[in-house]
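Each remark here refers to the structure printed beneath this line.
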Amino acid sequence: MHEDMKSLNPAFSRRNFIGTALAATGFAMAAGPVHAEAITTDAMGLSVGPVMIGELPAYVARPAQAGALPTVLVVQEIFGVHEHIRDVCRRLAKLGYLAIAPELYVRQGDPSTIADIPTLLKTIVAKVPDRQVLTDLDAAAAWAGANGGDPHRLAITGFCWGGRISWLYAAHNPTLRAAVAWYGKLTGEATAMTPHHPLDLAAQLKAPVLGLYGGADQGISQDSIALMREAAKAAKVKTEIVVYPDAPHAFHADYRPSYREEAAKDGWNRLQAWLKDNMA
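Under mature numbering (1 follows the signal peptide of the UniProt record, and there is no 0), read the sequence shown as residues -30 to -1, 1 to 250, first letter to last.
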């Protein structure tokens, strides 16, 4: 069963409906041509659609039947909440989760209108403060808890930019039960927008984190992964980092040439087990 955003959120205006629907359609321009292996997950048996959380748009997918559902926050790549992220939400909903992907760049701009990655990074991504992102994720979690989600069973997963955010959120929210970070950057320069990185906060992790990384990732060094493994030992929760030796960055992104089927499928299986083990 499909639900449009008005049925998910009666206060949703027609203007917001059109704006959010257009922004969420298709894939981000900066991501390039869609790869032939892009996975499409149908919405049969699901309630799906955009919602508004105050001024924050989000895409939600959940099983159609009522009940207190375990919730997964899904955090976008640098390209925003495009069709691949929406599809990940539907995949999680098919597994019995309420999956919600907030549009975390909404105050800074629309990534779907930008045709190249350097411009996207400079004009939008670099202007998004971590504090804003964490607050918006808190709002998305609260919305889910009030709209069919079980507030006591909350998890997060994110990709690339969202992988880093997943680590940060695991150090931020004491009610979080599990996190799965896909190739999220672990170290970096401290700035006003990004004052801390996962390695800085390793000892403060409040939820178990599974990190999934590529050994051939040109942007994330194996040294930083080794440092994170060691630093996370000081946390009071378990962490695990899996490295796929031959996988590049974005190996789960089936709509891009970086996709590696074997690593992506193994990572997805590990995600399912991690969520099940920590959200029972």
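Using N, Cα and C, we set each Cβ at its ideal position, and we do this for glycine too.
Length-filtered (3 minimum) beta strand (DSSP E) runs lying within the stretch 63 to 97: Runs found: 68 to 72.
Between the CA atoms of residue 54 and residue 152 - distance to the nearest angstrom: As a working mapping, residue 152 is identified with position 182 in the sequence shown. As a working mapping, residue 54 is identified with position 84 in the sequence shown. Here the alpha carbons of residue 54 and residue 152 stand approximately 14 Å from one another.
Counted within 10 angstroms of its Cβ, other Cβ atoms place residue 184 as buried (16 or more) or exposed: Taking the first residue of the sequence shown as position 1, residue 184 is located at position 214. Burial check for residue 184: the Cβ neighbour count within 10 Å reaches 16 or more, so the residue is buried.
Reduced DSSP secondary structure (H/G/I, E/B, other) of residue 107: The count along the sequence shown starts at 1 and reaches residue 107 at position 137. Residue 107: helix per DSSP, three-state reduction.
Inter-residue spacing [alpha-carbon to alpha-carbon] between residue 240 and residue 155: Here residue 240 refers to the residue found at position 270 when the sequence shown is read from its first residue. Here residue 155 refers to the residue found at position 185 when the sequence shown is read from its first residue. Put simply, the backbone Cα of residue 240 is about 20 Å away from that of residue 155.
Residues that DSSP places opposite residue 181 in a beta bridge: In the sequence shown, the residue the question calls residue 181 occupies position 211. In the DSSP output, where bridge partners are listed per residue, residue 181 has 151, 211.
Residue 201 versus residue 221: straight-line alpha-carbon distance, rounded: Counted from its first residue, the sequence shown places residue 201 at position 231. Counted from its first residue, the sequence shown places residue 221 at position 251. Approximately 25 Å between the Cα atoms of the pair.
Reference residue 5, options 63, 34, 224, 23, closest by Cα: Here residue 5 refers to the residue found at position 35 of the sequence shown. Per the Cα distances, 224.
Candidates 119, 89, 161, 146: closest to residue 99 by CA position: Here residue 99 refers to the residue found at position 129 when the sequence shown is read from its first residue. Taking residue 99 as reference, the option from 119, 89, 161, 146 with the minimal CA-CA separation is 161.
Inter-residue spacing [alpha-carbon to alpha-carbon] between residue 130 and residue 36: The sequence position of residue 130 within the sequence shown is 160, counting from 1. The sequence position of residue 36 within the sequence shown is 66, counting from 1. The straight-line gap from Cα to Cα measures roughly 32 Å.
Check whether residue 97 and residue 146 have beta carbons under 8 Å apart: The sequence position of residue 97 within the sequence shown is 127, counting from 1. The sequence position of residue 146 within the sequence shown is 176, counting from 1. No Cβ-Cβ contact shorter than 8 Å links residue 97 with residue 146.
For residue 198, the first and last residue of its enclosing alpha helix (DSSP H): On the sequence shown, position 228 is the one that residue 198 refers to. Taken as a continuous stretch (DSSP letters only), the alpha helix (DSSP H) holding residue 198 covers 192 to 201.
Residues of its chain near residue 245, where Cβ-Cβ distance is below 6 Å and the 5 sequence neighbours each way are ignored: Counting from one through the sequence shown, the residue named residue 245 turns up at place 275. Excluding the 5 residues flanking it on each side, residue 245 has same chain C-beta neighbours closer than 6 Å at 125, 148, in chain order.
For residue 44 and residue 70, believed in contact at Cβ under 8 Å, the rounded distance: In the sequence shown, the residue the question calls residue 70 occupies position 100. In the sequence shown, the residue the question calls residue 44 occupies position 74. About 7 Å separates the two Cβ atoms, so the contact holds.
Local Cβ density within 10 Å of residue 231, reported as buried at 16 or more and exposed below that: One-based indexing of the sequence shown puts residue 231 at position 261. Label assigned to residue 231: exposed.
Reduced DSSP secondary structure (H/G/I, E/B, other) of residue 58: Against the sequence shown, residue 58 aligns to sequence position 88. It is helical.
Within 8 Å, strictly: CB atoms of residue 72 and residue 38: Here residue 72 corresponds to residue number 102 of the sequence shown, with the count starting at 1. Here residue 38 corresponds to residue number 68 of the sequence shown, with the count starting at 1. It is not a contact, given that the beta carbons lie outside the stated cut-off.
C-beta atoms of residue 210 and residue 171 nearer than 8 Å: Counting from 1 along the sequence shown, the entry for residue 210 is found at position 240. Counting from 1 along the sequence shown, the entry for residue 171 is found at position 201. No, these two residues do not count as a Cβ contact at 8 Å.
Assigned exposure category for residue 196 - 16 Cβ within 10 Å defines buried: Counting from 1 along the sequence shown, the entry for residue 196 is found at position 226. Classification for residue 196: exposed.
Neighbourhood of residue 115 by C-beta distance below 6 Å, restricted to the same chain and skipping five residues each side: By 1-based counting over the sequence shown, the position of residue 115 is 145. Close CB contacts of residue 115 within its chain, under the 6 Å cut and outside five residues either way in sequence, are with 121 (chain order).
Residue 228 in three-state terms, based on DSSP: The residue given as residue 228 occupies position 258 in the sequence shown. Residue 228: coil per DSSP, three-state reduction.
Residue interval of the alpha helix (DSSP H) (run including residue 142): Here the question's residue 142 lines up with position 172 in the sequence shown. It spans 131 to 142 - the alpha helix (DSSP H) in which residue 142 sits, taken as one unbroken run.
Continuous beta strand (DSSP E) stretch holding residue 26: start and end: Your numbering for residue 26 matches position 56 in the sequence shown. Unbroken beta strand (DSSP E) run through residue 26: 26 to 33.
Cα-Cα separation, residue 56 to residue 41: The count along the sequence shown starts at 1 and reaches residue 56 at position 86. The count along the sequence shown starts at 1 and reaches residue 41 at position 71. Taking the straight line from one Cα to the other gives about 15 Å.
Rounded straight-line distance, which links the Cα of residue 21 to that of residue -13: Along the sequence shown, one-based indexing puts residue -13 at 18. Along the sequence shown, one-based indexing puts residue 21 at 51. Any reading at residue -13 must be qualified, since the residue scores a pLDDT of 32, below 50, and its modelled position is unreliable; no value is offered.
Euclidean distance between Cα positions of residue 250 and residue 186: Residue 250 sits at position 280 when you count from the first residue of the sequence shown. Residue 186 sits at position 216 when you count from the first residue of the sequence shown. Taking C-alpha positions only, residue 250 is separated from residue 186 by approximately 34 Å.
Nonlocal neighbours in the same chain, by C-beta distance under 7 Å from residue 51, ignoring five residues either side: Translated into the one-based positions of the sequence shown, residue 51 becomes position 81. Within the same chain, -7, 29, 71, 73 come within 7 Å of residue 51 by CB-CB distance, once the 5 residues on both sides are set aside.
Beta-carbon proximity check, residue 13 vs residue 33, cutoff 8 Å: Translated into the one-based positions of the sequence shown, residue 13 becomes position 43. Translated into the one-based positions of the sequence shown, residue 33 becomes position 63. Taking 8 Å as the Cβ cut-off, residue 13 and residue 33 do not qualify as a contacting pair.
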